[in-house]
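**Student:**
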Amino acid sequence: MNAIDWRRAIRIGLVLGVAVLIASVIGMVQTFDERDMIEDILTLGQLLLFAPAVYAGYSAAGKSEERRVAAPPLLAGLLAGLLTGVPAVLLVGLAGWWTTIRDYFVNVSPQLIDILTFGRGALQGSLMLLAVMAVLGLIGAAIHLIPARVRRPLVNATLITLIFSLFSDVPLNIANQFLPRDIVRRFFPTKGVTQLAAVIVFALSLAIALWWEFSGRTRRQQRMATITAEQRRRNSLIVLAVSAVLLLVLPSILGTFLTNVMTQVGTFILMALGLNIVVGFAGLLDLGYVAFFAVGAYVTALLTSTGDLGLGINFWIAMPIGVLAAVFFGIFLGIPVLRLRGDYLAIVTLGFGEIIRVLVRSDLLKPIIGGAQGILDVGRPSIGPLTLVTPQHYYYLLLAACLLALFVSWRLRDGRAGRQWMAVREDEDVAEAVGINLVGTKLLAFAIGAGFAGLSGAIFGSRVGSVFPNSFELLISINVLAIIIVGGVGSLPGVILGAFVLVGLPELLREFVEFRLLIYGILLIVMMLVRPEGLWPSAVRRREMHADEESPPSVAELEAPRHEATQPMV
Amino acid sequence: MTAMLEINDVHAYYGKIHALKGISLNVEQGEIVTLIGGNGAGKTTTLRTICALMRPTSGFVKLNGEDLNKYKPSQLAAKGVAMVPEGRGVFSRMTVLENLEMGAFHRKDKAGIAEDIERVYALFPRLKERHGQVSGTLSGGEQQMLAMGRAMMSRPSLLLLDEPSMGLAPVLVEAIFSTVEEINRQGTTILLVEQNALMALQIAGRGYVLQTGEIVLSDNAKSLQRNAMVQKVYLGVE
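See below:
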């Protein structure tokens, strides 16, 4: 029996306790408490308080493999859980004794104290909080005692239930499409889910997870082993057909609200696919990418707007012009800056993005592009007699645009251009030595990337109906860059997944707008620590990040000093 | 007879620093010529000038009588000039085979490329064993082999090698140099830049000694090995 690392248990408990304290003091707990997850049982605020205690207990008790039923790990969990509650209790005490605390910490409100003490008053409530936290720590530690084959399904089912109730907007909106209101109400109150719904989801996911653990996995492995190439091809065709049908009927399943979220995600997927060519394929770090989005949006808006500034041209004529304008700007910017490498390129493009934003805001250009008032009444595309107005209509337009961009990216990546980009990214001098034209290669990446952003901007302006300088902040560039980093640099499915995670999910959690960037930052840090290659990395990147695990060092490597692989900046 | 590579009175600058002060040298078809000299003598700069990565302020570089400076660096591969840069630049995220294919980037003849890959594998059997491995995970010696193999993929008539022995164990250096000789026997002219004068003069026919941007000596390799100054400064013989 290994000795328990008590110092580690104490440290984990206190660190997470301080995290809980910070979340309380900055008002996060109270704001999140307004979001019900499971009716009358759990709010998101409570989850924020309790989850750290469970995790503290779990991680203080050590690795599962080493443990059998024994007191020390459970005690460590209990201690860590208890300590997680201590800073919050100190806050309660402090708030009772120091009556003017709110002059300094505005968020330490009576409601917050109520949440922390379960509305039972300072003394009784504090004891209760400590007890609850300690028990949760104990439960966290006890997770290790469950046999692995049951533990995994149980943990997964719990997580699925929590995610389901947190993002209950998704099932709620889908249910509203098909079921009468009073039935929907039985599962979904105004926010979160009812206890009945939570139980059903938990039971269902547990059953599926258990089945998978005990039978499904092996059965699948057997099938995969015996499957012929012919069958495999047919299977992937079926998957493809089903996803195609699903993509086509999605707006009528999702309802207006969720379809609107999808169009938002689509706008970013399109941009991220473009930036992925520049950053992911060609390795050119561009921080002013939003400029091309703005060019596409403004040119299309100016050409189609029926307002004072616009020309009222048909959208289908204006959109290609907008895209071409963005491509032209990409080349225009590219020619002078592409001699720069790495960080320098990033700084110059950052400046360029800001110049565009300042220009569109300026009084100088106000008579032409509207200054801070922007351009209103942007034209809408029409197909025959149908004019695109609703989110559903734009969903299809964006779907077509994304599929086109995806196809172009995919063909370029696997073709000669993709190889050229990869070579330039790795070593510019050697790339030239093997006969690759540096300037042409980089300009191609810049131009195509800018074109995708321009297309995205053109559709964006039309969808929103107006174009303002504020829509083209630096934050958009950062956001798009974060999408491809979180998804996996250079990976096409990764980019799409990244857009859903970083654009779609926050849309569903609108309540916490003020903490959005905080959560975003934490998420990025955690990603870089836990999974630096991204959620869905490209094969090359996976290879690179885990090269050590795959190929053991050779004799030759021991003979000669290992050449350091050059790490790109992102 | 005109030389294959002719460099005449080339001057080059890094900003205000006068790096090459009138270099003249020539390489005949089929030779191994070495350019030796200490750190900062201008060896790499000379190679960069040949490859058009740097423009000389005066003087010219001619290949078979044709001025090379009117071309872009990326056009030289098609002219039959291949360079293996210092520090063995391989495309570290590509596999060995992909690196070799990149070497034939400007060529369109698939059959010829496949043939040349086999030829490179024959020169460096180690690369064949590791053809699917990501080249960033190769050892230093293997990366040097790969960089040379990739250069050979463009079927160069002139191969420029920049310090192939750098950072390698002595046993590997010998292997690399004997492959250089083999490549030369198969018909490729070689200009070899080296600090390891001892090894370079053993395989080269002729040599130039470069000091602070000027050529101070040029002779056949045997005479250079016997030259008192070369022995003292570069071969470490007292």
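The listed protein sequences derive, respectively, from chains A and B. For the first sequence, our numbering assigns the number 198 to the initial residue and increments by one for each residue that follows. For the second sequence, our numbering assigns the number 36 to the initial residue and increments by one for each residue that follows. All C-beta atoms, glycine included, are put in the ideal place defined by N, C-alpha and C. Here the structure is a predicted model, which means the values were calculated and not measured.
Could you list the residues in the region 640-674 of chain A with a C-beta less than 8 Å from some C-beta on chain B, going in chain order?
**Tutor:** Per Cβ criterion, the list is empty.
**Student:** Spatial neighbours of A:Gly278 within its chain, please: C-beta separation below 6 Å, excluding the five flanking residues on both sides.
**Tutor:** Taken in chain order, the residues that qualify are Ala250, Ala253, Gly254, Met330, Ala331, Leu333 and Gly334.
**Student:** Listed from N- to C-terminal order along the chain, which residues in the region 611-623 of chain A have their beta-carbon within a distance smaller than 9 Å of any beta-carbon of chain B?
**Tutor:** For the region 611-623 of chain A, which is checked against every Cβ of chain B, the residues closer than 9 Å are Arg613, Arg616, Gln617, Met619, Ala620, Arg622 and Glu623.
**Student:** Can you list the residues of chain D that A:Val475 reaches, using a CB-CB cut of under 8 Å?
**Tutor:** In the structure shown, chain D cannot be found, because the protein chains are A and B.
**Student:** Buried or exposed: B:Gln198, going by 16 or more other Cβ atoms within 10 Å of its Cβ?
**Tutor:** In the sequence under discussion, the amino acid at residue 198 of chain B is Glu, which differs from the Gln named in the question. Looking at its Cβ environment, which holds 16 or more other Cβ atoms inside 10 Å, B:Glu198 is buried.
**Student:** What does A:Phe274 reach in chain B if we use C-beta pairs closer than 8 Å?
**Tutor:** Note that residue 274 of chain A is Gly in the sequence shown, not Phe. By Cβ distance, chain B contributes nothing, its closest Cβ being about 41 Å from A:Gly274, past 8 Å.
**Student:** Thinking just about the alpha-carbon of each residue, which of A:Phe454, A:Ile343 and A:Gly477 is nearest to the one in A:Leu804?
**Tutor:** Nothing about residue 804 of chain A can be reported from this structure: the residues present for chain A run from 198 to 767 only.
**Student:** Give the residues of chain A in contact with B:Met19, contact being defined as C-beta atoms less than 9 Å apart.
**Tutor:** The question about residue 19 of chain B has no answer here: the residues shown for chain B are numbered 36 through 273.
**Student:** At least one CB of chain B closer than 8 Å to the CB of A:Val686: is that the case?
**Tutor:** No, its Cβ sits nowhere closer than 8 Å to a Cβ of chain B.
**Student:** Short check: CB of B:Thr81 to CB of B:Ile58, under 8 Å?
**Tutor:** In this structure, B:Ile58 lies closer than 8 Å to B:Thr81 by Cβ.
**Student:** Going by DSSP, which residues form a beta bridge with B:Val62?
**Tutor:** According to DSSP, B:Val62 bridges with B:Leu40.
**Student:** Pick from A:Ile466, A:His590, A:Gly507 and A:Leu359: whose alpha carbon is nearest that of A:Leu447?
**Tutor:** Out of A:Ile466, A:His590, A:Gly507 and A:Leu359, A:His590 has the C-alpha closest to the C-alpha of A:Leu447.
**Student:** Can you tell me where the alpha helix (DSSP H) holding A:Leu672 begins and where it ends?
**Tutor:** Where A:Leu672 is concerned, the enclosing alpha helix (DSSP H) stretches over Leu671 to Gly684.
**Student:** Would the region 531-545 of chain A and the region 466-484 of chain A be scored as touching if the rule is three or more Cβ pairs under 8 Å?
**Tutor:** The region 531-545 of chain A is in contact with the region 466-484 of chain A.
**Student:** At the 8 Å Cβ level, is B:Gly184 part of the contact set with chain A, yes or no?
**Tutor:** Closer than 8 Å: no.
**Student:** Should the region 196-216 of chain B be called in touch with the region 170-180 of chain B, which here means at least 3 C-beta pairs below 8 Å?
**Tutor:** Enough Cβ pairs lie closer than 8 Å, so yes.
**Student:** Hey, does A:Ile532 have any beta-carbon neighbour from chain B nearer than 8 Å?
**Tutor:** A:Ile532 does not count as touching chain B.
**Student:** Helix, strand or coil for A:Phe411 per DSSP?
**Tutor:** Reduced to three states, the DSSP call for A:Phe411 is helix.
**Student:** Indicate whether at least one CB of chain A lies closer than 8 Å to the CB of B:Met180.
**Tutor:** For B:Met180, the answer is no, since every Cβ of chain A falls outside 8 Å of its Cβ.
**Student:** Quick check on the DSSP output: the alpha helix (DSSP H) that includes A:Thr314 runs from which residue to which?
**Tutor:** Unbroken run through A:Thr314: none, as it is neither H nor E.
**Student:** Inspect the beta-carbon positions of A:Gly274 and A:Ala285 and report whether they are closer than 8 Å.
**Tutor:** No.
**Student:** Using only alpha-carbon positions, find the residue among A:Leu309, A:Val575 and A:Val631 that is nearest to A:Leu245.
**Tutor:** Nearest option by C-alpha distance: A:Leu309.
**Student:** Jot down the residue ranges of each uninterrupted alpha helix (DSSP H) in the region 116-189 of chain B, minimum 4 residues, whole runs only, in chain order.
**Tutor:** As far as the region 116-189 of chain B is concerned, its whole alpha helix (DSSP H) runs of at least 4 residues are 131-138, 145-158, 160-164 and 175-187.
**Student:** Do you know how far the Cα of B:Leu193 is from the Cα of B:Asn219?
**Tutor:** Distance between the alpha carbons of B:Asn219 and B:Leu193 is about 10 Å.
**Student:** Once DSSP output is grouped into helix, strand and coil, what is the label at A:Glu746?
**Tutor:** In this prediction, A:Glu746 scores a pLDDT of 48, lower than 50, which makes its location untrustworthy; no coordinate-derived value is stated.
**Student:** Roughly how many angstroms lie between the CA atoms of A:Ala248 and B:Arg185, to the nearest whole one?
**Tutor:** Computed Cα separation, rounded: 55 Å.
**Student:** Going residue by residue through the region 587-654 of chain A, where are the continuous alpha helix (DSSP H) segments of at least 4 residues, counting only ones entirely within it?
**Tutor:** Taking only runs of at least 4 residues, the alpha helix (DSSP H) segments lying wholly in the region 587-654 of chain A are 588-611, 613-623 and 625-630.
**Student:** According to the Cβ coordinates, are A:Gln768 and A:Val700 closer than 8 Å?
**Tutor:** Here chain A has residues from 198 to 767 only, and residue 768 of chain A is not among them.
**Student:** Under 8 Å, Cβ to Cβ, is there at least one residue of chain A near B:Phe140?
**Tutor:** Chain A contact via Cβ: present.
**Student:** So B:Ala113 contacts chain A; which residues on that side make the cut at Cβ distance below 9 Å?
**Tutor:** Under the 9 Å cutoff, chain A gives Gly632.
**Student:** Is B:Asn255 helix, strand or coil by DSSP?
**Tutor:** It is a strand residue.
**Student:** Thinking just about the alpha-carbon of each residue, which of A:Phe411, A:Ile450, A:Gly685 and A:Thr228 is nearest to the one in A:Pro368?
**Tutor:** Checked all of A:Phe411, A:Ile450, A:Gly685 and A:Thr228; the closest Cα to A:Pro368 is A:Ile450.
**Student:** Examine chain A for any beta-carbon lying closer than 8 Å to the beta-carbon of B:Ser258, and answer yes or no.
**Tutor:** B:Ser258 does not count as touching chain A.
**Student:** Given a cut-off of 8 Å on the beta-carbon distance, is the pair A:Thr501 and A:Ala515 in contact?
**Tutor:** Yes, the pair counts as a contact, with Cβ atoms nearer than the cut-off.
**Student:** Opposite B:Phe95 in the DSSP bridges: which residues?
**Tutor:** BP columns for B:Phe95 point to B:Asn43.
**Student:** At a CB-CB cut-off below 8 Å, which residues of chain A make contact with B:Leu88?
**Tutor:** Per Cβ cutoff of 8 Å: Asp626 and Glu629.
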